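Visitor: Below is one structure. I have some questions about it.
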């Protein structure tokens, strides 16, 4: 029991009536930008990160002064 083409077209028509084409276009643009940003972050994350010396903080790392290393 799956969805046929006519079921999908009816659902699409209801979505267009409820949200409107302008809002759907904005949602599509936002979604595309989010996917593009995610891909860029994944590609950037694959690069080697610098290693900090003892007592030096890397971006996003928390160092407590009372830690005994």
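Numbering (full-length UniProt numbering), first residue to last: 1 to 69. Backbone N, C-alpha and C define an ideal beta-carbon position, used for all residues, glycine too. If you're wondering where the values come from, they're calculated on a predicted model, not measured in any experiment.
From what residue to what residue does the alpha helix (DSSP H) around residue 33 run?
Guide: For this step, residue 33 is matched to residue 33 along the chain shown. Start and end: 21-45.
Visitor: Measure the C-alpha to C-alpha separation of residue 39 and residue 13 and round it to an integer number of angstroms.
Guide: Mapped onto the chain shown, residue 39 falls at position 39. Mapped onto the chain shown, residue 13 falls at position 13. Answer to the nearest angstrom: the Cα atoms are 31 angstroms apart.
Visitor: When the Cα atoms are used, what is the spatial distance from residue 18 to residue 35?
Guide: Walking along the chain shown from the start, residue 18 turns up at place 18. Walking along the chain shown from the start, residue 35 turns up at place 35. Looking at the two C-alpha atoms, the distance is approximately 25 angstroms.
Visitor: Have a look at residue 2 and residue 11 and give me their C-alpha separation to the nearest angstrom.
Guide: Against the chain shown, residue 2 aligns to sequence position 2. Against the chain shown, residue 11 aligns to sequence position 11. Taking the straight line joining both Cα atoms gives about 14 angstroms.
Visitor: Compute the Euclidean distance between the alpha carbons of residue 45 and residue 6, then round it to the nearest angstrom.
Guide: Here residue 45 refers to the residue found at position 45 of the chain shown. Here residue 6 refers to the residue found at position 6 of the chain shown. Each residue's Cα considered, the two are about 43 angstroms apart.
Visitor: CA-CA distance, residue 76 and residue 43?
Guide: Because residue 76 is not part of the residues shown, which for the chain are 1 to 69, the question remains open.
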